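Chains as they are written, first to last, in the numbering used here: chain D, 1 to 140; chain S, 1 to 349; chain V, 1 to 316. The C-beta atom is built at its ideal place from N, Cα and C for all residues, glycine as well. Just so you know, these numbers come straight off a predicted model, no measurement behind them.
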């Protein structure tokens, strides 16, 4: 591993909670690791497993998916549907040998700027420990 | 020129070839799957599987081939075209059907109006050593498709397994370049009789079962035949038959780009995929399996013979052996020919 | 088995004669030993071509999409019937739900295993009771049928197609011959590195002929993600990453939909191991959501429903 290596982490944040949570972290001047790149999605239920796989293949070292807490979904049940996809995909990727921790999930509400920064720091720490993604990544 | 090679010296012989050439040959089946590959160690060569899954066309027209690549650095861009093949190559252990198929593909890729440099470069720099089939499989029908188990055409050298030795024939100038190989010995008159005997046996086994002669004329009358309504029914539309076919040569070119680099790649394509003929407008001139199956058979047995004077099938039997639903091209041909030729109504299943 | 075949022919003849169905999809003998071929019967006389044996390896439910405008009767094993139930849940038969002619399955013979067990080309194979008589040019052996079963058949506990409209054969006691999904267990005992290496090595043989996709009744998307150009999810060449991508998504898209019939693996010309992937996913949905494909005709597929109390320990 290169000494100055920093992981690239892609974060899919739901528009209504987690994205607003990230915004709050920003306006509150809460510090968090600069390793994440954010893509705003309407809902954590919008996450197609293809997004996660494509991200890993295209060169990110980890993926974070974050949405509203159970019961708080703007679309009532999008995060519940997303939860099942997340659970099965996470287990399947680990079964195949993709390290645990490469793909992570969280619930962050619009009021949880502090939790957002904490989640990002945790994910970054985990992925730093795992090192750069080698499996599955497309060599350019 | 006729020679022989003692099997005791087989690996050393291969090693001697590898000193001057890159050697390509079928390898030990992994999980029952054998392919032609560049050989690193002579012991890798394995001729047990009569027809390796992937045909020898892969050596001249690989499934996926980079044509050129590019790289951007700021406003500068750099292009690299395909690399020249530096070492001469030998294809060893291909069967007459696969070799015949290479000549068929050559008709397409090395034509009067257009020459495919990617194919030509490899073809020109490859010496082909064919291997006769002493024991053709029950799915082989090369004799019907214009070949035979010991067809020399296309080979530069031809090997025949005589048990303890290989009988070796040098057929072309390219092949003659190997005549000084230290492992080749004088041939016995007895060996010649043995060769005749083996050929006779193999010919008898393959037989002449499918009347392919003149099939293009019969198919001409069948464009709208109800035959096509039935023949496609069990086809599931995968590409096993086309990808494993030694004469199928369709490809698709795509640009693959990632970050500041990219490459143009050509990949095998199959007329059995709906997307093959799908137009940008969304219209598909071959909308169902009926049209797609018809295209596959018509291309092989009607358009190709009309354009090039030979059916685009060599009777290797791969499409029969590996089809997930046992689509048997022999039966389709029998049906097509019987119906017109003898008025026989053969039930197609 | 001879009895089953006889009944199968009788039933088919009757259905077609009474015009209860327009078409019956079943199995027939054809040119290769150890194999059968799908057959499409439209007349009562055609029923004579039907066969039933341990080589009826295709999942005929895959053909139902092609004949959605007809009233179709289809010969199904336990697993195939489950696929039809799953397809029904996905509302694939708005006009005519197929008529299921269920056959109690005796587990199928793995032709690739048989081929490995003998030297030389097999020209004939016949079943006699528990034995399999295999003949070639210079050999003739009798093998114990049960030693040559498909892995997915060895662990099968749904041999009786209870969902069928017509059931041929007597329901059997459902027991697995081996530990449930030994392939999954074997794979899970490896380290993550070994697992990925195995997966990558298997998929490296892939030709992208998509036989696994086409052989599967559940793969009916109008446009498969591999064929999509906007967005382009995946390249068409043979890079290890793209091959892995295809196989991950092909398997994952079966989550909660796979009946474990094994048709994908049998269709593969390159003998790539595939069923351990979908078996694992089947295990997961059973473990997480108590769901088994095609057992309860009314239960919603697990990924198109939810329970507010679903497990979520993995979410921060």
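Closest in C-alpha terms to residue 39 of chain D, from the list D/9, D/112, D/136, D/88, comes D/9. Taking every protein chain shown into account, the CB of residue 34 of chain S has 16 or more other CB atoms within 10 angstroms, so this residue is buried. Where residue 16 of chain D is concerned, there is no enclosing beta strand (DSSP E), because DSSP gives it neither an H nor an E. With a threshold of 8 Å between beta carbons, residue 149 of chain S makes no contact with chain V. Assigned with DSSP and collapsed to three states, residue 150 of chain V falls in coil, not helix or strand.
Within chain V, no C-beta atom comes nearer than 9 Å to that of residue 208 of chain S; the closest sits roughly 17 Å away. Taking one beta carbon from each stretch, the segment 82-94 of chain V and the segment 292-300 of chain V have 3 or more pairs nearer than 8 Å; the two touch. C-alpha of residue 142 of chain S to C-alpha of residue 41 of chain S: approximately 32 Å in a straight line. One finds 95, 96, 97 in chain D with Cβ atoms closer than 8 Å to the Cβ of residue 195 of chain V, taken in chain order. Only those residues of the segment 125-144 of chain S whose C-beta falls short of 7 Å from the nearest C-beta of chain V are listed: 137, 138. CA-CA distance, residue 49 of chain D to residue 133 of chain D, rounds to 18 Å. Within a 10 Å sphere around the beta-carbon of residue 236 of chain V sit 16 or more other beta-carbons, which makes this residue buried. When CB distances to chain S are screened at a threshold of 9 Å, the residues of the segment 269-292 of chain V falling below it are 269, 270, 271, 272, 273, in chain order. When only Cα atoms are considered, residue 249 of chain V and residue 166 of chain S end up about 48 Å apart.
For the options S/78, S/94, S/316, the alpha carbon positioned closest to that of residue 262 of chain S is the one of S/78. Here DSSP, grouped into helix, strand and coil, assigns residue 73 of chain V to strand. Here DSSP, grouped into helix, strand and coil, assigns residue 178 of chain V to coil.
Only residues of its own chain outside the window of five on either side were considered, and among them 154, 155 have a CB closer than 8 Å to the CB of residue 178 of chain V, listed in chain order. By the CB criterion at 8 Å, residue 47 of chain V and residue 70 of chain V fall outside the cutoff. By the criterion of at least three beta-carbon pairs nearer than 8 Å, the segment 181-197 of chain V is in contact with the segment 92-103 of chain D. Around the beta carbon of residue 34 of chain D, fewer than 16 other beta carbons lie within 10 angstroms, which makes this residue exposed.
Contact between residue 131 of chain V and residue 85 of chain D does not hold, since their C-beta atoms are separated by about 47 Å, which reaches or exceeds 8 Å. By the neighbour-count criterion, in which 16 or more other beta carbons inside 10 Å mark a residue as buried, residue 216 of chain V falls on the buried side. In chain order, 136 make up the part of chain D whose C-beta sits under 7 Å from the C-beta of residue 244 of chain V. Distance check between residue 23 of chain V and each of S/230, S/253, S/309 places S/230 closest, using alpha-carbon atoms only. Pairing residue 99 of chain V with residue 12 of chain V, the inter-Cα distance amounts to about 11 Å. In terms of beta-carbon proximity, residue 300 of chain S stays away from the interface with chain V, with every pair separated by 8 Å or more. In the structure shown, residue 72 of chain S adopts extended strand secondary structure according to DSSP, grouped into three states. Just so you know, the alpha carbons of residue 154 of chain S and residue 314 of chain S end up roughly 13 Å apart.
Residues are counted here when their Cβ sits less than 8 Å from a Cβ of chain V; for the segment 107-120 of chain D these are 107, 119, given in chain order. In this chain, residue 114 of chain D is not harboured by any beta strand (DSSP E); it is covered by the alpha helix (DSSP H) spanning 113-130. Just so you know, the alpha carbons of residue 21 of chain D and residue 62 of chain D end up roughly 20 Å apart.
Around the CB of residue 221 of chain V, fewer than 16 other CB atoms lie within 10 Å, so the residue is classed as exposed.
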